[in-house]
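Everything below concerns the one structure shown next.
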Amino acid sequence: MKRYRHYKRDKAIVLSCFGSVVEQNIYLELKRDMEEKFKDIDIFLSFSSRMVLKDLKRRGIEYKNLPQVLADIDMLGYRNIIVASINLFPTDEHELLIRTVKGFKHFSYANIRYTRAIINRTKETTLFLKELNSRVSKEGVANLYIIHGVPLLDLGGLSSVNYTKEFLETIDSRNFVFSLEGAFPFFVIKDTIKQKLKEKNISKVQIIPMLLVSGNHYIKDMVEIRDFFAKDFTSSIIPTLTKSKRFNLLELEPIRDIIFKNIEEEIVKLG
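Under the numbering used here, the letters of the sequence shown match residues 169 to 439, in that order.
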């Protein structure tokens, strides 16, 4: 086939991320780590948040979304492309990634695969959540885990969110899980959580954002939640566990290991 003769480069990996206006450097560091890990494969970044893309462009920093990056890579002539899902849960952003890849396959001659989202396999998820909870827990302090949230209740990946909530609340009665928006939203159940904390005679709480990159949510939402509970408890936001100023999951080693393993699995499948 004449068109296929233009596909002369071997492999490329696209890190498909949501993006962040204030902590974009965390994604850039992930890309550098990927380049170190997969030395013979070219690494590209894409971002799905149009708000982030527009805001960065106003600042003179230009990135592209996944369809744009795939088009560029296809034009460069890569025969094998892996789209790495840098999404914590396999919900709406991950589903958009899947639809994009499947659509692109209709007119590209490249072999394009995509990875799982991060919270997907039961064993890996269980080990990660157990380790995270052990690492952040303090004597006499309740852990308030904040998930971003899921907009629709019939999304295929909702079970991974529910498992995360149920597991964390099962392993420690001081754990509470709610969301910024979507299922179990903070603004609806905050008074119920406060009452349960009082019933357990808990006097201290810490806010733990279950977000790959906390970004503006840390600055606005986590502070708002901390201040709400500060009226009745000693309330704080968990300090960073990594080199960044704010707590985030993307820099944690177990999360990086899952991402690397997902990519390695797809490389093997490329043959």
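Built from N, CA and C at the ideal position, the CB exists for glycine as well.
Ignore the nearest five residues each way along the sequence and tell me which others in residue i's own chain have a CB closer than 8 Å to its CB.
i: Val190; result: Gly383, Asn384 and Ile387
i: Leu295; result: Pro422
Exposed or buried, which one is residue i when buried takes at least 16 other CB atoms within 10 Å?
i: Arg284; result: buried
i: Thr290; result: exposed
i: Ile153; result: Because the chain in this structure spans residues 169 to 439, residue 153 falls outside the shown range and cannot be described.
i: Ser184; result: buried
i: Glu204; result: exposed
i: His262; result: buried
i: Glu307; result: exposed
i: Arg342; result: buried
i: Ser302; result: exposed
i: Asp242; result: buried
i: Glu419; result: buried
i: Asn369; result: exposed
i: Phe355; result: exposed
Have a look at the DSSP bridge pairing and note the partners of residue i.
i: Asp210; result: Ala180
i: Met378; result: Ile315
i: Thr402; result: Lys372
i: Val190; result: Note: Val190 sits in no beta bridge, so no partner.
i: Ile250; result: Ile181 and Arg281
i: Phe344; result: Leu312
i: Phe215; result: Cys185
i: Pro353; result: Ser347
Taking the alpha carbon of residue i as the point to measure from, which residue in the options has its own alpha carbon closest?
i: Ala278; options: Lys176, Asp395 and Ala398; result: Lys176
i: Leu380; options: Asp242, Lys270, Ile211 and Gly317; result: Gly317
i: Phe186; options: Glu421, Ala252 and His174; result: Ala252
i: Ile194; options: Phe215, Phe344, Lys225 and Met243; result: Phe215
i: Ile211; options: Arg227, Tyr246, Arg218 and Lys225; result: Tyr246
i: Ile427; options: Ala180, Met202, Asp178 and Lys179; result: Met202
i: Thr293; options: Asp260, Phe272, Lys333 and Ile361; result: Lys333
i: Ser371; options: Asn430, Ala398, Asp242 and Asn248; result: Ala398
i: Phe415; options: Arg424, Val304 and Phe401; result: Val304
Going by beta carbon distance, what residues of the same chain come within less than 6 Å of residue i, once the five residues before and after it are set aside?
i: Glu434; result: Ile250, Arg281 and Thr283
i: Asp240; result: none
i: Ile375; result: Leu312, Met390, Ile393, Arg394 and Ile405
i: Ile315; result: Ser347 and Met378
Grab me the residues of residue i's own chain with a C-beta within less than 7 Å of its C-beta, minus the 5 sequence neighbours each way, in chain order.
i: Asn288; result: Pro258 and Ser328
i: Ile266; result: Tyr282
i: Lys358; result: Phe396
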